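In the order they appear, the protein sequences are chains G and F. Numbering (this note's numbering) for the first sequence: 1 to 448. Numbering (this note's numbering) for the second sequence: 1 to 448. Note that CB positions come from ideal geometry on N, CA and C, so glycine has one too. All of these numbers come straight from a predicted model, not from anything done at the bench.
Protein chains: 2
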Amino acid sequence: MGERNKKVAVVGAGLVGSLHAILLAKKGYDVDVFERRPDLRKAKIIGGRSINLALSNRGLKALRYAGVEEQIQAMCIPMYGRKMHDLQGNLTYQPYGKDGEAIFSISRGGLNQTLMNHADHFDNVRYFFNHRCDDLDLEKNELHFFDTENNQTVVEQYDHIFGTDGAFSAVRNRLMKTPMFNYSQEYLSHGYKELIIPPNADGSHRIDKNCLHIWPRGEFMLIALPNLDGSFTVTLFFPMEGETSFASIQTEEQVMDFFNATFPDAVEVMPTLAKDYFDNPTATLVTVRCNPWNFEDKVMLMGDAAHAIVPFYGQGMNAGFEDCSVFYEMLDNYQDPMTLFEKYSALRAPDGSAIADLALYNYIEMRDLVGDESFLLRKKIERKFSELYPDKWLPLYSQVTFSHTRYSEALANGEKQRKIMDEIMQIPAIEDIWDSPVIMEKILNSTT
Amino acid sequence: MGERNKKVAVVGAGLVGSLHAILLAKKGYDVDVFERRPDLRKAKIIGGRSINLALSNRGLKALRYAGVEEQIQAMCIPMYGRKMHDLQGNLTYQPYGKDGEAIFSISRGGLNQTLMNHADHFDNVRYFFNHRCDDLDLEKNELHFFDTENNQTVVEQYDHIFGTDGAFSAVRNRLMKTPMFNYSQEYLSHGYKELIIPPNADGSHRIDKNCLHIWPRGEFMLIALPNLDGSFTVTLFFPMEGETSFASIQTEEQVMDFFNATFPDAVEVMPTLAKDYFDNPTATLVTVRCNPWNFEDKVMLMGDAAHAIVPFYGQGMNAGFEDCSVFYEMLDNYQDPMTLFEKYSALRAPDGSAIADLALYNYIEMRDLVGDESFLLRKKIERKFSELYPDKWLPLYSQVTFSHTRYSEALANGEKQRKIMDEIMQIPAIEDIWDSPVIMEKILNSTT
């Protein structure tokens, strides 16, 4: 954006806000970061149990730009594939990518603290905690905060304002009233609750720590991601209402009956299940899309504020971090901030909508399909072909998780691949001849 | 809802709010109506030129319930069909329905005043003007207003609150923060501007007053609806941005060049065109959907607050009035207000979304298709068949405009009809044999 030492505000000091502040600081901007809550490095944040997340290549690239990639990698547990648990406790393993490719389980809190500490090394970054954004004057480009610690109103003017204040963004709420601002929020009928598999007495993990565990049961699903302390954070995805749902399960006995019938091998490693179920909050799952992401060159939405997505592709944080790396890459290409803001929104908003679609689709895949033999065969065929002709076929999961292909392109490529595989799966006795040259030839012809 | 003399609030004293207040008053409720603006019967409302609207059967039914149908009818000009103006000034006429079926042009302001005056006859209706809704406490069911006349805050508690405060509803804005509230707002790339065809010196209309005039030009469209004073309100629908758009036309010369080239016969009757073009505001076109419409039994959204739609089916007001008549009909069927609110939202939200879809579709029909010979032939065939077998085929336009079929059912029926007509239009030389028994027989077989 040409001139340095411009004064910019980042509203929201979560993962995306903290990373964006570092990248802007590196480019020479004076960055004020405002956060509604206290400093999470000093105060115990009240809310749900601290969740862990799956970090992957898109996120890692942005962390590299910020200069913290190695530090963060040391806090990660690699997960090389999915391990599916069936009702009888039988396990099926599906690798995520090629040898060595992995996604990384990391604590949200730990990652956020590391980013904040790194931001503190820059003289041109200042953090303001306990500042609730109450209004945004788009004429003057003024932010109005209420400082909840000192009980006073704070008004500040900025050259540019970045809204990284999450799925229920106050900054976005102001943009909603501007003309031609398209917006949607859509809830799944399912919600989630976090539970725990504690470590063994010796601090080791009770189940294989190097994979993401899934108990797919159609309308219900349990997943588990490893933590460094030997525990797993377990997440139950469950209907909010209905015959078997968060609304219907009301007693510890009902919890145990449901889990024993549905996830018996998980119950064995969850000694505090019944208590955790009632101690921990139930949360909803929302998809937010908007377009444009900017208001003139005054405001830009990034991260969940621009594209809250459901968690089933493990891409929420990665998409948000990629927002920052793409902006960082574009910064030097445009002298005129208005052009930069418009080009960035036009480039990035379709990608935000595409990863939202992909995440919704992956919910179906995770809860229904990963337990399905025909689906697993389909994935095996794809993998085989991809190994033979790596330049002709990168599986959709790999495009999303391991590549830097635009999400919107990955979505379109995935659609083409799905049509080809739909035809392949119709071939009689495909389960016997799936890896034969004739099948590989047929796929090759379809791709060209 | 069983108990009478409950205290209810209606937020927004526009068309839907004023009608709903009357219907609630008739059922015995104590109704407080709050309006942000001054009383439009006393003050000149600042804003765009007062628009006229097309009232049709759904709206008339609700006005009948309110006891004002005859009074309103006297303020209407019936429009029996569409009159299309081509570039050479040639006219094509297409009746809306069967003989005598019409939609009615009426002034928004006049209709609103009549409803307010009628509401004043009820002891149990009170109006509060200059009351801006600032907040809604969903715990206590309290409304927080700022009285802009007396510069004071007003807080009131109600048994039930109805949000009839339009497309940019403050009530809905509060519901947006409740869990599981699905919402979208989507702008067309086209906006609109109102213009005028003044009356002749003797007060008569300059063009045929008993039809809705359309100048369909693909990306551009002009329409005109008659007023009682001999004028027509003309509306230009036009791209907001682009080569030929509201953004590109900046001088009176450009206005006249564009209109002379595009709407030459309209220019002849629009002596103040160039001045009006710059005096009158440019407005945007938004579609709003949400689901549910209620929060428990505390709040219900109705009218544009629940379903703002684009104006191309002439159903915005009619859909809002139907919201009121459906609620009125359901009121006595449910003793428990929670059940009533949930059933009403579940019934009505899909209809709000359906009329939004229909209105978006009709934009394409109005600006592109009504000037198309194949489309006009299709309509003639449908009409012919419908006359022969009225119980087998009611044209979609008639279902929407003249029937009380649910919008969602009309949308589904219309889709079936479209598929049948797509096949009929493929028949060779259909333009020569369109009214032959063999064609009618073929449609008959398709419908059964």
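query	result
Spatial neighbours of glycine 81 of chain G in its chain, beta-carbon cut-off 7 angstroms, leaving aside the 5 residues before and after	Tyr93, Gln94, Pro95, Tyr96 and Cys211
Exposure label - isoleucine 46 of chain G; buried when at least 16 CB within 10 Å	Note that isoleucine 46 of chain G scores a pLDDT of 48, beneath 50, so its modelled location is shaky; the value from the coordinates is reported in the next line. Classification of isoleucine 46 of chain G: exposed, given that the 10 Å Cβ count is below 16.
The alpha helix (DSSP H) enclosing serine 374 of chain G, as first and last residue numbers	373-388
Helix, strand or coil at proline 292 of chain F according to DSSP, with G and I counted as helix	coil
Selection from F:Glu243, F:Ala102, F:Gln113 and F:Leu24 that minimises the alpha carbon distance to asparagine 124 of chain F	F:Leu24
For glycine 303 of chain F, the three-state DSSP class (helix, strand or coil)	coil
Separation of isoleucine 161 of chain G from leucine 175 of chain G, as counted between CA atoms	12 angstroms
Rounded straight-line distance, which links the Cα of aspartate 30 of chain F to that of histidine 121 of chain F	13 angstroms
Contact list for lysine 419 of chain F against chain G, beta-carbon separation under 9 angstroms	Going along chain G, no residue has its Cβ under 9 angstroms from lysine 419 of chain F, so there is no contact; the nearest lies around 24 angstroms.
Selected residue, minimal CA-CA separation from alanine 9 of chain F, among F:Phe246, F:His85, F:Thr164 and F:Thr148	F:Thr164
For serine 408 of chain F, the nearest candidate out of F:Thr447, F:Ala349 and F:Gln417 (CA to CA)	F:Ala349
Proximal residues to glycine 48 of chain G (C-beta, below 8 angstroms), its chain only, five neighbours per side dropped	With a pLDDT of 43 at glycine 48 of chain G, under the threshold of 50, the modelled position of this residue cannot be trusted, and the question is left open.
DSSP beta-bridge partners of glycine 191 of chain F	F:Phe238 and F:Thr284
Three-state secondary structure assigned by DSSP to isoleucine 46 of chain G	The predicted model places isoleucine 46 of chain G with a pLDDT of 48, which falls under 50 and marks its position as unreliable; any figure quoted below should be read in that light. Looking at isoleucine 46 of chain G - three-state DSSP - the assignment turns out to be coil, as it is neither helix nor strand.
Separation of tyrosine 183 of chain G from proline 239 of chain F, as counted between CA atoms	20 angstroms
N-terminal and C-terminal residue of the beta strand (DSSP E) that valine 31 of chain G is part of	30-34
8 angstroms Cβ cutoff, asparagine 182 of chain F in contact with chain G	yes
Aspartate 391 of chain G - containing beta strand (DSSP E), residue span	Unbroken run through aspartate 391 of chain G: none, as it is neither H nor E.
Where arginine 172 of chain G falls: helix, strand or coil (DSSP)	helix
Cross-chain neighbours of glutamate 186 of chain F in chain G, by beta carbon under 7 angstroms	Asn182
Minimum Cβ-Cβ distance from proline 428 of chain F to chain G less than 8 angstroms	no
Interface flag, glycine 48 of chain F vs chain G, CB-CB below 8 angstroms	Note that glycine 48 of chain F has pLDDT 43, beneath the 50 cutoff, so the model's placement of it is unreliable and no number is given.
Neighbour-count burial assignment, threonine 235 of chain F, 16 or more Cβ in a 10 Å radius	buried
Residue-chain proximity (threonine 153 of chain G, chain F), Cβ-Cβ < 8 angstroms	no
Contact set between the region 335-347 of chain G and chain F, restricted to residues whose Cβ is under 7 angstroms from the partner	none
Proximity test, Cβ basis, 8 angstroms: proline 179 of chain G and chain F	yes
For tyrosine 127 of chain G: DSSP bridge partner residues	G:Val33
The region 308-320 of chain G / the region 355-364 of chain G touching (three or more Cβ pairs under 8 angstroms)	yes
Proximity of glycine 320 of chain G and leucine 91 of chain G at Cβ, strictly below 8 angstroms	no
Where leucine 310 of chain G falls: helix, strand or coil (DSSP)	Correcting the residue identity first, residue 310 of chain G is valine in this sequence and not leucine. DSSP places valine 310 of chain G in coil when its eight states are reduced to three.
Boundaries (first-last residue) of the alpha helix (DSSP H) holding aspartate 323 of chain F	316-331
The region 136-143 of chain F / the region 263-279 of chain F touching (three or more Cβ pairs under 8 angstroms)	no
Neighbour list for phenylalanine 168 of chain F in chain G, Cβ cutoff strictly below 8 angstroms	Lys177
Stretch pair the region 417-433 of chain G + the region 371-390 of chain G: three plus CB contacts closer than 8 angstroms	yes
Cutoff 8 angstroms: threonine 284 of chain F Cβ touching any chain G Cβ	yes
Straight-line gap, tyrosine 363 of chain F to arginine 217 of chain F (C-alpha atoms, nearest Å)	12 angstroms
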